[in-house]
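Visitor: Just dropping this structure here.
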Amino acid sequence: MNTVLHTLKEVKEYFSKRDFSTCAFDTETTDLGYYKLDIVGCSFSTGEATCYIDLWQNEEKEPIILFLSYLFSTHIKSLVMHNAPFDMKVLHKIGITDFTRNIFCTMTAHHLINENANHGLKNLACKYLGVETVDYGNASICGYKSDTFYEYACNDAKWTWELHKIFNKKLFEFGVNRLFFEVEMPFQFVIMDMEINGIKINAYRLEELRKAARAKKLFLERKLYEIAHLPYSIQCDMFTGEAELVSKYKLSNNTISDIFESRGLKSPYLTEGGKMSTGKETLLYLKGDEFVDMLYKYNIVNKLLSSFVDKVPNHLDADGRVRASFNNTGTTTGRLSSSNPNMQNNPKINPELPFDFKSIFEAPEGKTLISADYCGQELRLLAIVANEDILLNAFRENMDPHLMTANSVFGLGIEPEMMKTTHPQYNELKDKYKHERHIGKNSYNFPIIYGTTAYGISKNTGITEEEAQKGIDKFFQAYPRILSAMKKCSDFLKQNWHVKSLTRRRRRLDPNEKKSYRQAFNFLIQGLASDLIRCACNNVRKLFEEHPEWEAKILFIVHDEIVFEIKEEYVDIANPMIKETMETAMNLPLRMEVELGVGKTYSEAK
DNA sequence: GGCTGCGAGACTCG
DNA sequence: TCACGAGTCTCGCAGCC
Numbered sequence: 002m003n004t005v006l007h008t009l010k011e012v013k014e015y016f017s018k019r020d021f022s023t024c025a026f027d028t029e030t031t032d033l034g035y036y037k038l039d040i041v042g043c044s045f046s047t048g049e050a051t052c053y054i055d056l057w058q059n060e061e062k063e064p065i066i067l068f069l070s071y072l073f074s075t076h077i078k079s080l081v082m083h084n085a086p087f088d089m090k091v092l093h094k095i096g097i098t099d100f101t102r103n104i105f106c107t108m109t110a111h112h113l114i115n116e117n118a119n120h121g122l123k124n125l126a127c128k129y130l131g132v133e134t135v136d137y138g139n140a141s142i143c144g145y146k147s148d149t150f151y152e153y154a155c156n157d158a159k160w161t162w163e164l165h166k167i168f169n170k171k172l173f174e175f176g177v178n179r180l181f182f183e184v185e186m187p188f189q190f191v192i193m194d195m196e197i198n199g200i201k202i203n204a205y206r207l208e209e210l211r212k213a214a215r216a217k218k219l220f221l222e223r224k225l226y227e228i229a230h231l232p233y234s235i236q237c238d239m240f241t242g243e244a245e246l247v248s249k250y251k252l253s254n255n256t257i258s259d260i261f262e263s264r265g266l267k268s269p270y271l272t273e274g275g276k277m278s279t280g281k282e283t284l285l286y287l288k289g290d291e292f293v294d295m296l297y298k299y300n301i302v303n304k305l306l307s308s309f310v311d312k313v314p315n316h317l318d319a320d321g322r323v324r325a326s327f328n329n330t331g332t333t334t335g336r337l338s339s340s341n342p343n344m345q346n347n348p349k350i351n352p353e354l355p356f357d358f359k360s361i362f363e364a365p366e367g368k369t370l371i372s373a374d375y376c377g378q379e380l381r382l383l384a385i386v387a388n389e390d391i392l393l394n395a396f397r398e399n400m401d402p403h404l405m406t407a408n409s410v411f412g413l414g415i416e417p418e419m420m421k422t423t424h425p426q427y428n429e430l431k432d433k434y435k436h437e438r439h440i441g442k443n444s445y446n447f448p449i450i451y452g453t454t455a456y457g458i459s460k461n462t463g464i465t466e467e468e469a470q471k472g473i474d475k476f477f478q479a480y481p482r483i484l485s486a487m488k489k490c491s492d493f494l495k496q497n498w499h500v501k502s503l504t505r506r507r508r509r510l511d512p513n514e515k516k517s518y519r520q521a522f523n524f525l526i527q528g529l530a531s532d533l534i535r536c537a538c539n540n541v542r543k544l545f546e547e548h549p550e551w552e553a554k555i556l557f558i559v560h561d562e563i564v565f566e567i568k569e570e571y572v573d574i575a576n577p578m579i580k581e582t583m584e585t586a587m588n589l590p591l592r593m594e595v596e597l598g599v600g601k602t603y604s605e606a607k
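Numbering (the numbering used here), first residue to last: 2 to 607.
Here you go:
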């Protein structure tokens, strides 16, 4: 039964008569971002009883929240939520920070049950509960005090409750219960932290960078229009006074194709539509032409401005920090994704145009940033997944895996002992075979994790397909267990229509598609990597709780990297502890080495 | 003529 | 057919008022 509660008296009476020690919980808010959101109301459900507490423009909002705070810290022992980090973030925002760690996120549960499906609450209610398709439209349009809105809010909690009963059974059936309860649920708190924390922006440096990049863009733009004989004028913006190039011609792909043709330039690379490609591949192929070289640089600075520099203000909160969203269920492999803004694709310094975007992220006064990176993470996990002794031992003895691959593929005849990074002649050899090592790394070691073919290697390196195939054969001769692991993975996929990572995470794929076999093997590594970083974050979070004096915060994750902020004076004490915690986050046959960088800005810490 | 939604193509990252 | 996983921007086109 649905009950709507408006006053403190009603709330107190309602909860005194019922047992809500285990319940589903959902919040309604005015906004999604932590800094701007305000609570409108919240609903609780135990299946039998469901209520909505209306807090919108409620005179008793404060005392009701105080009562809820008491309820959360003393009575509620287990909480079920759909997209738990969001509701926990709302609790935090209204000052409720003491609540149970025993949580169940139905969204993440469903992602483990079927990573390919839609995880929206309404969609799941239709699919699993037989609820008829309901369309509340934008319920908030009806007003936060309408019956439609109350019903909508109650249903969210009720459906979440019913779904958790179904999903809980399935998690055990699929054997992912430990992954869910011991890794995924603690990790929800890490996501909550990251979305609350955000990262500080240095507004002055951002503005300097913007000015410099704009000036460079305008300079390159003028040159391009002049070379292509396109008419333009330079005008000043009415409000900012900044100079801009104005022309009825735009440097779109079509225009660029036409300019290429007029200059007699032809690219062998075509788009799917059969047109001449104007992408990086083409520009590198046509390198040497004045227009092409200028365009190459223009594209870099244009991308930097339009996708990054100019977008930062849109995401900047009043306290000078940027808070991104992190999606735990957005990828099929288990990786986390980030948006608004995406903190996982911030540009590195491009040697062609050295703008340092990462320098705009900084630590606040008295604090410093730490970037902790798993070095050679995927290759180490490949060795573990394939149980390839040669590669495992190589890592254990600090050998250079890229030089080893080069040695096998090109038959360099280097003694194993000399490929140890500690050997006195190692650096000399690394330098001597720089080119071969580069190919070993970028054409064999990494591409093989992606399931590349001779055709792929040939296309990327320029060698013939036959040569590439010989290289691949030699690679697999050197690491025979990798080949058998790939075969085992393919056989399993053929029989079961899914594969399982070491953490028992699943990926369902169609064995009738050729691509599936590459995706399956890559998943074993990428999926494991995603759970390793989860475990690392969970353990580091515990470490930070044990040391409140550090005032340490987890800011964001970039797949194999965690970025922290910490009080300056504790960096030396904390660093070895963070390193140890991350390297031993999972019980693996190989230590996952971590490299730490420290700096006032993200750029320095990298 | 102007607005909106969508897909293609391009770029960013691990 | 041919290298895994993401997010976001701009452009051009189709459809609508």
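Beta carbons are placed, not taken as given, at the ideal position from N, Cα and C, and that holds for glycine.
1) Thinking residue 451 and residue 391 are a contact (beta carbons under 8 Å), I'd like their distance in whole angstroms, please.
2) Measure the C-alpha to C-alpha separation of residue 186 and residue 105 and round it to an integer number of angstroms.
3) Mind the definition here: the region 346-365 touches the region 543-552 only if three or more C-beta pairs lie below 8 Å; say whether that holds.
4) Nearest to residue 542 by CA position, among 262, 582, 216 and 522, is which residue?
5) Which residues in the same chain have their Cβ closer than 6 Å to the Cβ of residue 559, if we skip the five residues on either side of it in sequence?
6) Out of 510, 563 and 513, point me to the one whose CA is closest to residue 533's CA.
7) What is the C-beta distance between residue 221 and residue 286, in whole angstroms, given that I count them as a contact (C-beta under 8 Å)?
8) Opposite residue 53 in the DSSP bridges: which residues?
9) Could you say which of 602, 94, 57 and 326 lies nearest to residue 367 if we only look at CA atoms?
10) Pick from 199, 422 and 265: whose alpha carbon is nearest that of residue 229?
11) Determine the extent of the beta strand (DSSP E) in which residue 28 is found, giving its start and end residues.
12) So residue 111 is in the alpha helix (DSSP H); what residue range does that whole segment cover?
13) What distance in whole Å lies between the Cβ atoms of residue 218 and residue 306, which are believed to be in contact at a cut-off of 8 Å?
14) How should residue 216 be labelled, buried or exposed, when 16 other C-beta atoms within 10 angstroms of its C-beta is the threshold for buried?
15) Go ahead and label residue 1 buried or exposed: buried means 16 or more other beta carbons lie within 10 angstroms of its beta carbon, across all protein chains shown.
16) Taking only runs of the beta strand (DSSP E) that begin and end inside the region 531-582, which ones reach a length of at least 3 residues, in chain order?
17) Hey, could you find the ends of the beta strand (DSSP E) residue 78 is sitting in?
18) Once DSSP output is grouped into helix, strand and coil, what is the label at residue 376?
19) Spell out the partners DSSP gives residue 245 in its beta bridges.
20) Which same chain residues end up closer than 6 Å to residue 557 when comparing Cβ atoms and leaving out the 5 residues on each side of it in sequence?
21) Shortest alpha-carbon distance to residue 492 belongs to which of 477, 518 and 502?
22) Under the DSSP definition of a beta bridge, which residues are partnered with residue 509?
23) Could you please give me the residues that DSSP links to residue 587 through a beta bridge?
24) Have a look at the DSSP bridge pairing and note the partners of residue 328.
25) In whole angstroms, what is the alpha-carbon distance linking residue 245 and residue 225?
26) Can you list, in chain order, the residues of its chain whose CB lies under 7 Å from that of residue 596, leaving out five sequence neighbours each side?
27) Going by alpha carbons, who is nearest to residue 515 out of 51, 494 and 409?
28) Taking just the CA atoms, how far does residue 235 sit from residue 213?
29) Take residue 35 and list the residues in its own chain whose beta-carbon comes closer than 7 Å to its own, dropping the five residues that flank it on each side.
30) Considering just the uninterrupted stretch of the alpha helix (DSSP H) at residue 231, what are its terminal residues?
31) Have a look at 395, 56, 414 and 322 and flag the residue whose alpha-carbon is nearest the alpha-carbon of residue 566.
32) Alpha carbon to alpha carbon, what distance is there between residue 190 and residue 641?
33) Measure how close the beta-carbons of residue 297 and residue 317 come, nearest whole angstrom, since I'm counting them as under 8 Å.
34) Determine the extent of the beta strand (DSSP E) in which residue 1 is found, giving its start and end residues.
35) Put residue 317 into one of helix, strand or coil per three-state DSSP.
36) Based on Cα-Cα distance, which residue from 240, 242 and 251 lies nearest to residue 233?
Guide: On the basis of the supplied data:
1) In the first sequence, counting from the first residue as 1, residue 451 sits at position 450. In the first sequence, counting from the first residue as 1, residue 391 sits at position 390. Under the criterion of beta carbons closer than 8 Å, residue 451 and residue 391 do not qualify as touching, at roughly 21 Å.
2) Within the first sequence, residue 186 is the residue found at index 185, counting from 1. Within the first sequence, residue 105 is the residue found at index 104, counting from 1. Taking the straight line joining both Cα atoms gives about 7 Å.
3) Below 8 Å, too few C-beta pairs join the region 346-365 and the region 543-552 to call them touching: fewer than three.
4) Taking the first residue of the first sequence as position 1, residue 542 is located at position 541. Closest by alpha carbon: 582.
5) In the first sequence, counting from the first residue as 1, residue 559 sits at position 558. For residue 559, same chain residues with a beta-carbon under 6 Å away, outside a window of 5 residues either side, are 345 in chain order.
6) Residue mapping note: residue 533 aligns to position 532 of the first sequence, counting from 1. Of the candidates 510, 563 and 513, the one whose C-alpha sits nearest the C-alpha of residue 533 is 563.
7) Here residue 221 refers to the residue found at position 220 when the first sequence is read from its first residue. Here residue 286 refers to the residue found at position 285 when the first sequence is read from its first residue. Between residue 221 and residue 286 a beta carbon distance of about 20 Å is seen, past the 8 Å cut, so the two are scored as non-contacting.
8) As a first step, residue 53 is located in the first sequence; it is residue number 52 there, counting from the start. Answer by DSSP bridge pairing, in chain order: 5 and 44.
9) Taking the first residue of the first sequence as 1, we reach residue 367 at position 366. Of the candidates 602, 94, 57 and 326, the residue whose Cα lies closest to the Cα of residue 367 is 602.
10) On the first sequence, residue 229 is found 228 positions in, with the first residue counted as 1. Cα-wise, what sits closest to residue 229 is 265.
11) Numbered from its first residue, the first sequence carries residue 28 at position 27. First-last of the beta strand (DSSP E) with residue 28: 23-30.
12) Counting from 1 along the first sequence, the entry for residue 111 is found at position 110. First-last of the alpha helix (DSSP H) with residue 111: 107-114.
13) On the first sequence, position 305 is the one that residue 306 refers to. On the first sequence, position 217 is the one that residue 218 refers to. Residue 218 and residue 306 do touch by the CB rule: their CB atoms are close to 6 Å apart, below 8 Å.
14) Numbered from its first residue, the first sequence carries residue 216 at position 215. Taking all protein chains shown into account, residue 216 has fewer than 16 neighbouring C-beta atoms within 10 Å of its C-beta and is therefore exposed.
15) The shown model of the chain, from 2 to 607, leaves out residue 1, and the question about it has no answer.
16) With a minimum length of 3 residues, the continuous beta strand (DSSP E) runs that stay inside the region 531-582 are 554-558 and 562-568.
17) Along the first sequence, read from residue 1 onward, the residue named residue 78 stands at position 77. Note, residue 78: premise wrong, no beta strand (DSSP E); not H, not E.
18) On the first sequence, position 375 is the one that residue 376 refers to. Of the three classes helix, strand and coil, the one that applies to residue 376 here is coil, per DSSP.
19) By 1-based counting over the first sequence, the position of residue 245 is 244. Assignment of beta-bridge partners to residue 245 by DSSP yields 236.
20) Taking the first residue of the first sequence as position 1, residue 557 is located at position 556. So the qualifying residues of the chain are 195, 344 and 564.
21) The residue labelled residue 492 in the question sits at position 491 within the first sequence. Ranking the options by Cα distance to residue 492, first place goes to 518.
22) Translated into the one-based positions of the first sequence, residue 509 becomes position 508. Under DSSP, residue 509 takes part in a beta bridge, and its partners are 499.
23) For this step, residue 587 is matched to residue 586 along the first sequence. In DSSP, residue 587 forms no bridge with anything.
24) As a first step, residue 328 must be located in the first sequence, where it is residue number 327. DSSP lists 338 as partners of residue 328.
25) Counting from one through the first sequence, the residue named residue 245 turns up at place 244. Counting from one through the first sequence, the residue named residue 225 turns up at place 224. Each residue's CA atom was taken as its position, placing residue 245 and residue 225 some 14 Å apart.
26) Translated into positions along the first sequence, residue 596 becomes position 595. Excluding the 5 residues flanking it on each side, residue 596 has same chain C-beta neighbours closer than 7 Å at 374 and 376, in chain order.
27) As a first step, residue 515 must be located in the first sequence, where it is residue number 514. Comparing alpha carbon positions, the residue from 51, 494 and 409 closest to residue 515 is 494.
28) Residue 213 sits at position 212 when you count from the first residue of the first sequence. Residue 235 sits at position 234 when you count from the first residue of the first sequence. Residue 213 and residue 235: Cα-Cα distance of roughly 18 Å.
29) For the purposes of this step, residue 35 is identified with residue 34 of the first sequence, where counting begins at 1. So the list reads 90, 94, 196, 197 and 324, once near-sequence residues are dropped.
30) Here the question's residue 231 lines up with position 230 in the first sequence. That residue, residue 231, is in no alpha helix (DSSP H); it is neither H nor E in DSSP.
31) What you label residue 566 is simply residue 565 of the first sequence in a count that begins at 1. Of the candidates 395, 56, 414 and 322, the one whose C-alpha sits nearest the C-alpha of residue 566 is 322.
32) No answer is possible for residue 641: it lies beyond the span of the chain, which begins at 2 and ends at 607.
33) Locating residue 297 in the first sequence gives position 296, where the first residue counts as 1. Locating residue 317 in the first sequence gives position 316, where the first residue counts as 1. With a beta-carbon spacing of about 31 Å, residue 297 and residue 317 fall beyond the 8 Å limit used to define contacts.
34) Nothing can be reported for residue 1, as the shown portion of the chain is limited to 2 through 607.
35) Working through the first sequence from its first residue, we reach residue 317 at position 316. Residue 317 falls in the strand class under three-state DSSP.
36) Numbered from its first residue, the first sequence carries residue 233 at position 232. Here the closest residue by C-alpha is 251.
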